[in-house]
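Read the structure below first, then the notes.
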Amino acid sequence: MTDMFKRIAYALTVLAVAACSGTVDPDAGASGNPMEEVPEGVLRIFADKTEISADGNEEVTFTVMFGKEDVSTAQTLVLIRKYDGEEKRSKASNKFSTVTAGTYEFTAEYYYGGRFYTDNSVTVEAKPYFFGDAKAYRQRVLGVYFTSTGCTSCPSATRGIKTLQSAHPGDISVVAFHSHMGVVSDPMVIAETGLFNAVLGGFEGLPRLFWNMRQGTHLIGPDFTESYNEEIASYEPQCGVSVSTDQNNINIGITSNVPAIYRYLVFVVEDGIVADQTGDPDYVHDNVVRAVLTSEKGDKINDNLPLTVGVEAKATETLEISPAWNKDNLRVIVAATTSTDGGYTFVVNNVAECRLGESVDYQYAE
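Counting the sequence shown from 1 gives a position; the working numbering is that position plus 40.
Okay, structure coming up:
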């Protein structure tokens, strides 16, 4: 079945060009509309344009026909995107935008009547978006880690994450969500653990690591080097994040090279928590998520409008510190996210963090 998932039978970009330009494909059939000429039992994907600006704002809309039926937003439809040798799969969205220039290939896969259908592919070229004062932002990555005090494999994965962070100092922020496991009750569980599990596609079993809130990157480890290298090679940061904090307020700033719509996530994490880990009573837990100050999909900024290029958008969140926390060990992690699928999912484009009571300004590539 894996081969079926990955095959692309032939390219049909000429059809998308015709749809965009208004010309008629000579092979479209008598109606002149290729979407009306899809044979019964055949799945085909069409794009309303084959070229967009990589500004995070301009979208491609895909139409997927199963015979004469439009299944573009069917629950059992998966849109498969290939870029730079990597494959991403997304459900329930037929739109695409990006802040990363390049050539993207799309295939649809549809499950119906106990079998999978797939046929052609379409290619979309995302052209670089330029303006005079573009900033080269430092690329920082968010690791969303799921763990438990009852998980025997989690200490090994945790060591793997720390080893990777040591190899890339300052480039990786980790937020660790704790879960109950079996009969073991984890004292660091919060309600948001289940929400983030769900927004990342839902899964069972631990440990799990997701890069930049991407569905489908649930890694077990303990060596995360290859997946990290693939992640940072898959995009360029087009925004920067600044954070200033006191004991009760988190002030966020986002600036962008492109007029994209952004959201932001705010995590409060604690280091140095001593709690039993599968029989080790002195185990030290770091990056533990104590609070999430936004929704699991992120909060809107700039009235949910595209950012004006080079102009800072601001937001503020309020924090109430629990007496159970060690406030001297608290850090604030803020991630700026964008959507590439019309708002169905949001992926981190950049991250900033600082200790509670401190601040961090915009960071730029050296």
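Ideal placement from N, C-alpha and C gives every residue a C-beta, glycine not left out.
Quick caveat, the model's predicted, so the values are computed rather than measured.
query: Beta-carbon proximity check, Met221 vs Ile313, cutoff 9 angstroms; result: no
query: Selection from Val306, Tyr275, Cys194 and Glu99 that minimises the alpha carbon distance to Pro262; result: Cys194
query: Limits of the beta strand (DSSP E) - the one that Ser284 falls within; result: Cys279 to Thr285
query: Asp343 (DSSP reduced to helix, strand or coil); result: helix
query: Proximal residues to Arg248 (C-beta, below 8 angstroms), its chain only, five neighbours per side dropped; result: Tyr185, Phe186, His258, Leu259 and Ile260
query: Residues that Leu182 bridges to, as DSSP identifies them; result: Ser213
query: Nearest to Val78 (by Cα), restricted to the options Gln278, Met105, Val351 and Gly96; result: Met105
query: First and last residue of the uninterrupted alpha helix (DSSP H) at Ile201; result: Cys194 to Ala207
query: Nearest-angstrom beta carbon gap, Gly280 and Lys354 [assumed within contact, 8 angstroms]; result: About 13 angstroms separates the two Cβ atoms, so there is no contact after all.
query: C-alpha gap between Val181 and Asn252, whole angstroms; result: 6 angstroms
query: DSSP beta-bridge partners of Lys131; result: Val118
query: The alpha helix (DSSP H) enclosing Asn269, as first and last residue numbers; result: Thr265 to Ala273
query: Cβ neighbour criterion (16 or more within 10 Å) applied to Gly242; result: exposed
query: Whole-angstrom distance between Thr295 and Asn134, CA atom to CA atom; result: 28 angstroms
query: Given Arg155 as reference, the closest of Ser219, Val82, Phe170 and Pro363 once Cα atoms are compared; result: Val82
query: Beta carbon proximity, Ala300 to chain C, threshold 9 angstroms; result: Note that chain C does not occur in the displayed structure, where there is just one protein chain.
query: Boundaries (first-last residue) of the beta strand (DSSP E) holding Thr378; result: Leu370 to Thr378
query: Alpha carbon of Lys340 to alpha carbon of Phe264, nearest angstrom; result: 31 angstroms
query: Sub-9 angstroms separation of Val118 and Glu145 beta-carbons; result: no
query: Closest by C-alpha distance to Asp286, when choosing among Gly350, Thr116, Thr113 and Asp368; result: Asp368
query: Proximity below 9 angstroms, CB of Glu232 to CB of Glu126; result: no
query: Residues that Trp407 bridges to, as DSSP identifies them; result: No statement about residue 407 is possible, as the shown extent of the chain runs from 41 to 406 and does not include it.
query: Distance, Arg199 Cα to Val324 Cα; result: 12 angstroms
query: Own chain, CB closer than 6 angstroms to Ala238, minus 5 neighbours either side, in chain order; result: none
query: Gly338 and Tyr304 closer than 9 angstroms at C-beta; result: yes
query: Residue interval of the alpha helix (DSSP H) (run including Ala355); result: Note, Ala355: premise wrong, no alpha helix (DSSP H); beta strand (DSSP E) at Ala353 to Thr358.
query: Alpha-carbon spacing of Asp343 relative to Thr378, whole angstroms; result: 14 angstroms
query: Environment of Asp173 [buried if 16+ CB atoms lie within 10 Å]; result: exposed
query: Among Val309, Ala216 and Lys131, nearest to Ala364 - alpha-carbon criterion; result: Val309
query: Ser93 beta carbon less than 9 angstroms from that of Lys167; result: yes
query: Supposed contact pair Leu246 and Cys191 - C-beta distance, whole angstroms, cut 8 angstroms; result: 4 angstroms
query: Own chain, CB closer than 7 angstroms to Phe386, minus 5 neighbours either side, in chain order; result: Met253, Arg303, Lys337, Gly338, Thr377, Thr378 and Ser379
query: Pick from Tyr275, Thr356, Ser188 and Val214 that is closest to Ala315, judged by C-alpha positions; result: Ser188
query: Proximity below 9 angstroms, CB of Thr113 to CB of Phe86; result: no
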